[in-house]
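Here the structure comes first, spelled out in structure tokens, and everything after it is commentary.
Pasting the structure below:
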């Protein structure tokens, strides 16, 4: 009796322990990685709770896809980084102080909305931040150069963090594409080519210069960087509408209630991105290590060439060519249309120039098979006599009737009796349950009395 009591007690304790573990796992940051919530709830100045849409690149579903995409290609965990996977909690004053120390022209104020986004990056999106830090070694110099050309604040280099999570292949639900998430019309307005073979919205260099140009134009309209960032997200018309509704205020935080839900979170997300990309170490986030070459250069291509031709002749990885040239949608550089640029590791530039003829010659008929000229069949079609045509039609109808008649004679149906099973019917009619199911489209075992089924 005592042993039975102890057994029951141990069982109850074990069940409580399992329940506690499940609750712990559900509350842990790792479990939160699977949370696909695309909103955050904040309390506004009058104490009312409101919901803000997250930018698409901050949704955890994107985080997991991004994790798979980059790890499959060129990012690997840093084995030398031994930081504990724990996100420390700091006081509000610490966050304020850190933001105030960032060397920026654009103001980086702190509030509870900004804190929500910092928590998101340092918590649920830790893996995404780790990946973006690794990718930033390649992309940030490109962004900085473009921004510097237009004399824009360099902290704008973190806009693609919230736009695309530094994924050049990112496509939004409304069709915006690339690191800077250009819509087709806006991209074309700023000189980006988009057709079946090439999408320069995915070109890290050209898209960065187009984005810098666009941001420069927006600043000429608004003269305030927070409004520029908001307009980059929702368009200048919606920002002007919010300014009008707020009785002419040009302060982002004053027009905040009148902006679209996602744009309300956009500037706070930008501030949080600046924070996490600078203070990631304080949140125990290890940057991934990239194998993508930082030193690259471009060659001008004047003929159509397939990545496989280049990869084979230069003995290089075709995936790396794709990562360095994400603008080419079908692995084809369409230099035949007009001169196109091809980005390669610096170490391969001279080899490409020396072996250019061999590259173009390799397997051209299979890889670049579009015909430039075709011959039309000019043979006169043979005219069939009316009698011959009628005879052939009659023969075909007769043959069809014959086949139908044979099928009709060979088929057999029975009526299901009360209590019948498929196996009993199969046995009576010298067939199998499998054949009965196939003949009658039956997936399970249940059959209804009085129903006719085929047995042959």
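Residue numbers (the numbering used here): 144 to 599.
Glycine included, C-beta positions come from ideal geometry on N, C-alpha and C.
So for residue 488, helix, strand or coil by DSSP?
Three-state DSSP puts residue 488 in a strand.
Which residues mark the beginning and the end of the beta strand (DSSP E) in which residue 468 is found?
Premise fails: residue 468 is in no beta strand (DSSP E) and is neither H nor E.
When the Cα atoms are used, what is the spatial distance from residue 200 to residue 308?
The C-alpha of residue 308 is placed about 5 Å away from the C-alpha of residue 200.
The alpha helix (DSSP H) enclosing residue 339, as first and last residue numbers:
First-last for residue 339: undefined, no H or E at that position.
What is the DSSP secondary structure of residue 570, counted as helix, strand or coil?
Shown here, residue 570 sits in a helix according to DSSP, grouped into three states.
One question on the structure: do residue 482 and residue 519 come within less than 7 Å of each other, judged by their Cβ atoms?
Judged by beta-carbon spacing, residue 519 lies beyond the 7 Å limit of residue 482, meaning their Cβ atoms are not closer than that value.
Shortest alpha-carbon distance to residue 235 belongs to which of 596, 377 and 243?
Ranking 596, 377 and 243 by Cα distance to residue 235 puts 243 first.
With residue 507 as the anchor, note down where its alpha helix (DSSP H) starts and where it stops.
Here the alpha helix (DSSP H) through residue 507 covers 507-510.
According to DSSP, is residue 176 helix, strand or coil?
For residue 176, the predicted structure reports a pLDDT of 35, less than 50, and the residue's modelled location is therefore unreliable. A value from the coordinates is still provided. The answer is coil: DSSP assigns residue 176 none of H, G, I, E or B.
Near residue 586, which residues of its chain fall below 8 Å by C-beta distance, leaving aside the five closest residues on each side in sequence?
Once the five neighbours on either side are set aside, the close Cβ partners of residue 586 are 580.
Taking the alpha carbon of residue 345 as the reference point, which residue from 193, 252, 358 and 320 has its own alpha carbon closest?
Measuring from the Cα of residue 345, the nearest candidate turns out to be 320.
Secondary structure of residue 322, DSSP reduced to three states
In the three-state scheme derived from DSSP, where H, G and I count as helix and E and B as strand, residue 322 is classed as coil.
Go ahead and label residue 406 buried or exposed: buried means 16 or more other beta carbons lie within 10 angstroms of its beta carbon, across all protein chains shown.
Residue burial annotation: residue 406 is buried, with at least 16 other C-beta atoms found within 10 angstroms of its C-beta.
What are the partner residues of residue 556, as DSSP defines its beta bridges?
For residue 556, which the question treats as bridged, DSSP gives the partners 597.
Starting from residue 219, follow its DSSP beta bridges and name the residues at the other end.
For residue 219, which the question treats as bridged, DSSP gives the partners 432.
For the putative contact between residue 245 and residue 493, defined by C-beta atoms under 8 Å, what is the C-beta separation to the nearest angstrom?
A Cβ-Cβ separation of about 42 Å leaves residue 245 out of contact with residue 493 under the 8 Å criterion.
Nearest CA to the CA of residue 287: which residue from 297, 428 and 332?
Put simply, of 297, 428 and 332 the residue whose alpha carbon is nearest the alpha carbon of residue 287 is 297.
Three-state secondary structure (DSSP) at residue 441?
Residue 441: strand per DSSP, three-state reduction.
Could you check what DSSP says for residue 393 in three-state terms: helix, strand or coil?
Here residue 393 sits in coil by DSSP.
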